[in-house]
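Have a look at the structure below, then the notes.
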Amino acid sequence: MRVVMFGYQTWGHRTLRALLDSEHEVVLVVTHPQSEHAYERIWSDSVADLAAEHGIPVEIRNRPDDDLLVPLKEAAPDVIVATNWRTWIPPQVFDLPRLGTLNVHDSLLPKYAGFSPLIWALINGEKEVGVTAHMMDGELDAGDIVLQRSVEVGPRDTTTDLFHKTLELFGPITTDGLALIESGRTDWTPQDRSQASFFHKRSDEDNRIDWTWTAEELDRLVRAQSDPYPNAYTFHRGQRLRITAARVSKGVYGGTPGRIFYREDDAVVIVAGAEARRGTSHGLAVERVRLDDGTDLGATEYFRTMGGYLTRHP
Numbered sequence: 009m010r011v012v013m014f015g016y017q018t019w020g021h022r023t024l025r026a027l028l029d030s031e032h033e034v035v036l037v038v039t040h041p042q043s044e045h046a047y048e049r050i051w052s053d054s055v056a057d058l059a060a061e062h063g064i065p066v067e068i069r070n071r072p073d074d075d076l077l078v079p080l081k082e083a084a085p086d087v088i089v090a091t092n093w094r095t096w097i098p099p100q101v102f103d104l105p106r107l108g109t110l111n112v113h114d115s116l117l118p119k120y121a122g123f124s125p126l127i128w129a130l131i132n133g134e135k136e137v138g139v140t141a142h143m144m145d146g147e148l149d150a151g152d153i154v155l156q157r158s159v160e161v162g163p164r165d166t167t168t169d170l171f172h173k174t175l176e177l178f179g180p181i182t183t184d185g186l187a188l189i190e191s192g193r194t195d196w197t198p199q200d201r202s203q204a205s206f207f208h209k210r211s212d213e214d215n216r217i218d219w220t221w222t223a224e225e226l227d228r229l230v231r232a233q234s235d236p237y238p239n240a241y242t243f244h245r246g247q248r249l250r251i252t253a254a255r256v257s258k259g260v261y262g263g264t265p266g267r268i269f270y271r272e273d274d275a276v277v278i279v280a281g282a283e284a285r286r287g288t289s290h291g292l293a294v295e296r297v298r299l300d301d302g303t304d305l306g307a308t309e310y311f312r313t314m315g316g317y318l319t320r321h322p
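Numbering (our numbering), first residue to last: 9 to 322.
Written out as structure tokens, the structure is:
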């Protein structure tokens with residue numbers, strides 16, 4: 009089949025690689041310009057460069073505006089494949105190919121439509137994550153499901169771990185989905201919209217630690233914002249302090265959320281949880297921190313004495 013691919017970053021790069029290795033002919037690639045957004049500088053393998061290496065025409069767009077219709081029609085695709093495309097694709101584009109548009113999204117739709125699904129899923133304690141290939145329609149990430157594949161979330165997985173696990177699914181689910189479409193299948197599975205959730209882009213504010221969250225929730229936040237993602241952070245004595253490694257404390261600690269309280273093995277326990285005053289909550293055992301100048305320190309090296317508070321603001 010003649011394929012036009014809309015794709016961006018490493019997800020798009022991996023999908024394009026799979027298409028290039030398949031029996032299909034990639035006739036045009038559409039990608040976004042490079043971005044300075046903190047989350048879009050991560051996993052930023054260039055789709056444009058890979059296409060150019062193989063002599064494939066490239067259109068660079070923030071959005072698929074009307075002027076894109078000319079090269080799209082000239083390409084005469086049988087199908088469009090979209091992967092990690094960051095803006096809405098209108099009906100005059102996704103309905104243009106005779107077989108429609110297959111979108112590949114890194115969540116188990118209908119849950120976690122939108123942005124940063126792996127981070128949000130890890131924060132929320134999901135037991136599995138995955139990838140969905142679905143037919144694009146007028147509502148973002150809401151079309152009928154062609155294929156869906158999942159992987160388990162391990163007890164100490166980070167978002168980085170989940171990225172690598174799910175990235176391996178992108179190429180196979182794309183080519184397998186195209187095989188089903190080419191076979192003439194149209195009996196796709198409608199999404200249960202009563203189960204749908206739609207998430208916004210992550211920003212600096214989303215990484216700010218709220219010490220009234222439980223230790224279990226904070227542990228997941230720290231793992232969700234693992235390197236190379238922007239780390240979860242708090243403030244100590246007016247300075248930003250990033251938490252790069254932590255775990256739920258072994259002991260139960262009572263008091264006021266944010267209190268720098270107790271050395272536990274190689275960690276320093278910070279009182280956590282809205283109910284911490286009752287003395288029934290675990291704390292967050294902070295293992296490693298990072299200063300604003302990039303210096304990495306063990307928590308026991310940084311917190312020389314106990315006492316004082318970690319806060320949401322300077």
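Glycine is no exception: its CB is placed at the ideal position from the N, C-alpha and C atoms.
Keep in mind the model is a prediction, meaning the values are calculated, not measured.
I88 - partner residues in DSSP beta bridges: V12 and T109, per the DSSP bridge assignment.
First and last residue of the uninterrupted alpha helix (DSSP H) at D304: Per DSSP, D304 lies in no alpha helix (DSSP H) segment; the continuous beta strand (DSSP E) that holds it begins and ends at D304 to G306.
Among L116, P238, R10 and L76, the one whose alpha carbon lies nearest that of G151: Nearest option by C-alpha distance: L116.
Beta-carbon proximity of Y237 to I127, cut-off 9 Å: Here Y237 is near I127, since their CB atoms are less than 9 Å apart.
Candidates W51, V35, S43 and I268, of which the one nearest T18 by Cα: If we check each option's Cα against that of T18, W51 comes out closest.
Inter-residue Cα distance where the pair is V55 and T39: Cα to Cα, V55 sits roughly 7 Å from T39.
Three-way DSSP call (helix, strand, coil) for T18 in this model: Helix at T18.
Cβ pair count under 8 Å reaching 3, the segment 199 to 210 against the segment 156 to 172: Flag = no, the segment 199 to 210 and the segment 156 to 172 do not touch.
Span of the beta strand (DSSP E), counted from its first residue to its last, around K173: Careful: K173 lies outside any beta strand (DSSP E), inside the alpha helix (DSSP H) at T167 to E190.
Enclosing alpha helix (DSSP H) for I68 [first to last residue]: First-last for I68: V66 to I68, but that is the beta strand (DSSP E), not the alpha helix (DSSP H).
Residues near S30 by beta carbon distance below 7 Å, same chain, minus five either side: For S30, where only same-chain residues beyond five positions count, the Cβ hits under 7 Å are T183.
C-beta neighbour in chain E for G315, strict 9 Å: Any reference to chain E falls outside this structure, which holds one protein chain only.
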